[in-house]
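Residue numbers (this note's numbering), protein chains in the order written: chain A, 3 to 442; chain B, 734 to 1431.
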């Protein structure tokens, strides 16, 4: 049982281990070729892997090296969780010829720290002493020399730049220039791989950098919807080992899974998910919860409402009143409004004995701001005159209406007030009468 | 028989090299040799005797004698930091209890007495003194091997004492400083005297008890241009331990690129022939071992593989075709400037051209030719310093780098600027190598533009001073860089220009064919097609080469999966180049990505187009798009998604840059815009299988 759990857990959480789509398989082959050229033929390459987030988790598959697993334990070539790849069961044993450095555009903010990180990772890998004080220039020289040494011993360096677009948005792009320039020198054997979710990432490069970039682009895309069921099956079905005495458990589990996959509700769920976002990561995340409910025979734990409606349903009565006043103001074609005008609308429009004070209303107003249901529309960060700053409602009317329906404490009078048309303002009265007279 | 240390590129060495090549097979490489009671390992530093006959026993002293009592050994000794003489602690006046912290100067030096003469006794001289007096040499063992006849040999990288450099001992040189050279010679282990220890400066300052044979080395000295380069000290630890012989040629033929190419090509073939070994390695040094390629063994390269290697950007071609004119211009500039003799006024040259037109390569090629002329004494000797604007930490770093290259001393940029300023104000007063003219190559010159433009001003002002003997060659992409600078800089640097125009298709074709000569992988029209394609866009040679390489890769890829017999004979044709062009330079990505979106993402895109056609405005808000989206959905029997989900769909499209959008927290007010022409969307989604109704909205 533990073993089965282990396998499933691996597949679900470790993208390296999960199965592969056809298109991803193709991409993996391309990458494999690219590395092979770099490592065996000393052709330096640079490539960009592009694709939406969460879209290629299964490009990676654990390499099964049959001959000598110990020697190649470090050979899984993986990148950030969704764009992983491994040089899968290769006949070529080139993994030991490769050393690898990874950078992330979010972590290594400027060119200087990025280069320092490269030097550090190389130092750690080769048990060298890393000096923190080294400057950009010194680190660059270090990189050049170590690349020379690598190429002499036929060791290729693979540099992986995650969030490549962030590196390209640096003003001078000196890191990219230098890395790509190193690839031009005969005394280096390296590949630079950029990973980005921006499809136009290569357009960000400066001319002289783009000229040095070798223009390989590999596109990772979500699988077509027909493949998703097959994919789920591949993820969830565990291998049956006939020799083990737990084979019957495995068989029982697999039967249950296939039954679940055949169920109408499951198919419906999968179709719905695929219509929204068919990236494997998203599907695994959502389907897995559902599967657990099914296996444990518990009721569905998915929330009844989408998050915005839930947030609205949790609001206090006064907050709902304020939102409704805003809606009424917008109906009166008032594009912008401030706290004061909203409060006035509330006081004028809704006349009852238990009206709230302005102070209480302001607190409620601030709370709405915090929950980002409304927002200032002037874009300034701080301002002293917060009563007079223009605000905007950030939710749509339909959502507000649904929220009022869903709210357990919303008084009936408020719902009524919501649907009641607002008093016609002076302006609309005039235009109305003008229209009438024009027709006459 | 004398030991060979050949610091010029003399014919003797070349002969030796060729002889070595033929005998490579008989050698047995080891990482450690025991010889004459000493154990020598790869990576260790040793003293080398200059002459075999030198009095071996005269002073094989490991210990130094005391300058006062003349006896050796006994008590603790202290070294004077000025004259390097040794003293027993007890022999001093007054006697010292222990070794003091910091520098210590002996009484003789304090009294400023002349040190060298020793009156009564004939002192034994230590190896260190003999080294500094140039009677011994020091080297680092790089490789050890047994020749076929059983005699042990080593290849050593030489160290120089400051006196041996062209500028002589300078005031900032330490008394135990050595310079590493790029030069490696082969000698018998017999000639090794014993160990010495060369540290990097940090370790040297820490070293306290290693005896007399400690030195430090901070710079590498370039024998050719007489420039200094700081050593990356970390790398000394990465020791490459190789059995293959090709490596040797690479290091030696470093600057000799015809030979280089040959050796590079040969390494490809021989990659698998050597056995795996390394019996013992030193614990600290990381040894990178070569392994065997099982697949490649015994297999020669196919035509396509050869072509790919030839096309690779990292392959240095023997010469640069299609740049003869520019080459001549630059050469003329350099020779003219040098010819004017020591009184020359110095000159500036500005080279411009789009990337990938061979600017830097041409200049370096000219320099190589000059170097040949230099060795045949056709022109007067000069120094050459190259730097790249994008490799500097800051524009001011230029001064530091230049000064370091000229003198081997690292200073802050302000101090360096001051010294350089003095230096170029009057070069006449300087003697020796410092009075030689200097050519400075600055790549990516535009990066040195600062707000006050002082760096550029200085760089171009120095050559104009009398007797500065400096020439500056600046390289940048823009043709009008001088005009964009302050007039006082423009007038100095804009006088002489060479402009590299983008390659025409004929030139590109020539370049590719030149690289491909000797291989039969490409059809002629294919090469022409590729060069026309590139010339039409940018005229960038790198691009053209990459394009051809990609085409070769595609063919190779197909060969592997397909039929081997028919493909081995096939050449790379037009269709393959065409495929590579579409893959590399067009952006079908966008349409493919749109086609592969989820269903609602597609509807979202169509809703954007719909809104665009309805309002005529490029920019819309999320509110409007979501309204259009739900309209489309409800009219065609689709279940409209929640607003939250829709918002995240929009944001995801924005992340891929199919849309341009504000952050999702703006929610209803979020502004959206298509990043591509709306025609792209219509084209991509017109024949969409899961949403057949969508076409009528496009």
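Glycine included, every Cβ here is placed at the ideal spot set by N, Cα and C.
### Task
Examine chain A for any beta-carbon lying closer than 8 Å to the beta-carbon of residue 1382 of chain B, and answer yes or no.
For residue 1382 of chain B, the answer is yes, since a Cβ of chain A falls inside 8 Å of its Cβ.
### Query
How big is the Cα-Cα spacing for residue 56 of chain A and residue 281 of chain A?
Roughly 6 Å between the two C-alpha positions.
### Query
What's the call for residue 237 of chain A, buried or exposed, on a 16-neighbour Cβ count within 10 Å?
Result: buried.
### Message
For a test of the three-state rule: what should DSSP assign to residue 1421 of chain B, helix, strand or coil?
### Response
Residue 1421 of chain B falls in the coil class under three-state DSSP.
### Task
Assign residue 326 of chain A to buried or exposed, taking buried as 16 or more other Cβ atoms, counted over all protein chains shown, within 10 Å of its Cβ.
By the neighbour-count rule (16 or more Cβ atoms within 10 Å), residue 326 of chain A is buried.
### Task
Please confirm whether residue 310 of chain A and residue 220 of chain A have their CB atoms less than 8 Å apart.
Result no, Cβ atoms of residue 310 of chain A and residue 220 of chain A do not sit closer than 8 Å.
#### Entry: Rounded distance between the beta-carbons of residue 1047 of chain B and residue 163 of chain A, thought under 8 Å
The beta-carbon separation of residue 163 of chain A and residue 1047 of chain B, rounded to 20 Å, does not stay under the 8 Å limit for a contact.
#### Entry: Interface residues of chain A facing residue 1375 of chain B [CB-CB closer than 7 Å]
Those are 308, listed as they occur along chain A.
### Query
Over what stretch of residues does the alpha helix (DSSP H) that includes residue 1093 of chain B continue unbroken?
For residue 1093 of chain B, the enclosing alpha helix (DSSP H) covers residues 1092-1108.
### Query
Exposed or buried, residue 905 of chain B, counting other C-beta atoms within 10 Å across all chains shown (16 or more means buried)?
That one is exposed.
### Query
Can you give the beta carbon distance from residue 921 of chain B to residue 885 of chain B, rounded, assuming they're within the 8 Å contact cut?
Rounded, the Cβ-Cβ distance is 7 Å, consistent with contact.
### Message
Would residue 1389 of chain B pass as an interface residue toward chain A - the criterion being a Cβ-Cβ separation below 8 Å?
### Response
At least one C-beta of chain A is nearer than 8 Å to the C-beta of residue 1389 of chain B.
### Three-way DSSP call (helix, strand, coil) for residue 358 of chain A in this model
If DSSP states are grouped into helix, strand and coil, residue 358 of chain A belongs with coil.
### Message
Measuring only the C-alpha atoms, how far is residue 1416 of chain B from residue 366 of chain A?
### Response
Approximately 49 Å between the Cα atoms of the pair.
#### Entry: residue 1173 of chain B, enclosing beta strand (DSSP E) - first and last residue
Note, residue 1173 of chain B: beta strand (DSSP E), 1171-1176.
### Query
Do residue 1067 of chain B and residue 1087 of chain B have their CB atoms nearer than 8 Å?
No. Outside cutoff.
### Query
So, is residue 1370 of chain B buried or exposed, given that buried needs 16 or more other C-beta atoms within 10 angstroms?
With fewer than 16 other Cβ atoms inside 10 Å of its own Cβ, residue 1370 of chain B counts as exposed.
### Query
What does residue 1402 of chain B reach in chain A if we use C-beta pairs closer than 8 Å?
Neighbours of residue 1402 of chain B across chain A, judged by C-beta separation under 8 Å: 377, 379, 394 and 396.
### Task
Measuring only between beta-carbons, confirm whether residue 1210 of chain B sits less than 8 Å from chain A.
Closer than 8 Å to some Cβ of chain A, the Cβ of residue 1210 of chain B qualifies, so yes.
### Task
Could you check what DSSP says for residue 1131 of chain B in three-state terms: helix, strand or coil?
The answer is helix: DSSP assigns residue 1131 of chain B an H, G or I state.
#### Entry: residue 351 of chain A - containing alpha helix (DSSP H), residue span
Run containing residue 351 of chain A: 341-351, per the alpha helix (DSSP H) assignment.
### Query
Which full runs of the alpha helix (DSSP H) of 4+ residues lie inside the region 1169-1252 of chain B, going along the chain?
Within the region 1169-1252 of chain B, the complete alpha helix (DSSP H) runs of at least 4 residues are 1187-1194, 1214-1217, 1220-1226 and 1238-1249.
### Message
Counting only C-beta atoms, is residue 1348 of chain B closer than 8 Å to chain A at any point?
### Response
Taking Cβ atoms only, chain A never reaches closer than 8 Å to residue 1348 of chain B, which makes this a no.
#### Entry: residue 1339 of chain B to residue 1275 of chain B span [Cα, whole Å]
Looking at the two C-alpha atoms, the distance is approximately 39 Å.
### Query
Is residue 1042 of chain B close to chain A, meaning its C-beta is less than 8 Å from at least one C-beta of that chain?
At a cut-off of 8 Å, the C-beta of residue 1042 of chain B has a neighbouring C-beta in chain A.
### Message
Output needed in chain order: residues of the region 179-195 of chain A with a Cβ under 9 Å from some Cβ in chain B.
### Response
Residues passing the 9 Å Cβ filter: 179, 180, 183, 185, 186, 187, 188, 189, 190 and 191.
### Message
Using CA atoms only, rank isn't needed, just tell me which of B:908, B:1050 and B:1041 is closest to residue 187 of chain A.
### Response
Residue 187 of chain A has its Cα closest to that of B:1050, out of B:908, B:1050 and B:1041.
### Task
Output yes if chain A places a C-beta closer than 8 Å to the C-beta of residue 1367 of chain B; else output no.
False, the Cβ-Cβ gap to chain A never drops below 8 Å.
### Query
Alpha carbon to alpha carbon, what distance is there between residue 1123 of chain B and residue 1180 of chain B?
Rounded to the nearest angstrom, the two C-alpha atoms are 7 Å apart.
### Task
Closer than 7 Å, Cβ to Cβ, to anything on chain B: give me those residues from the region 266-282 of chain A, in chain order.
Those would be 276, 277, 278, 279 and 280, in chain order.
#### Entry: Limits of the alpha helix (DSSP H) - the one that residue 218 of chain A falls within
Run containing residue 218 of chain A: none in the alpha helix (DSSP H); it sits in the beta strand (DSSP E), 218-221.
### Task
Note down, in chain order, each residue of its chain lying with its Cβ closer than 6 Å to the Cβ of residue 358 of chain A, except the 5 sequence neighbours on either side.
In the same chain as residue 358 of chain A, and ignoring 5 residues on each side of it, the C-beta atoms closer than 6 Å to its own belong to 320, in chain order.
### Query
Does the ligand SAM have a heavy atom nearer than 7 Å to the CB of residue 1207 of chain B?
No copy of the ligand SAM occurs in the structure displayed, which carries no ligand at all.
### Query
Quick one: is residue 173 of chain A near chain B, going by C-beta distance under 8 Å?
No, residue 173 of chain A lies away from the interface with chain B (no Cβ there is under 8 Å from its Cβ).
#### Entry: Endpoints, beta strand (DSSP E) assigned at residue 910 of chain B
Unbroken beta strand (DSSP E) run through residue 910 of chain B: 910-921.
### C-beta atoms of residue 1365 of chain B and residue 1336 of chain B nearer than 8 Å
Yes; because the gap between Cβ atoms is below 8 Å, this pair is in contact.
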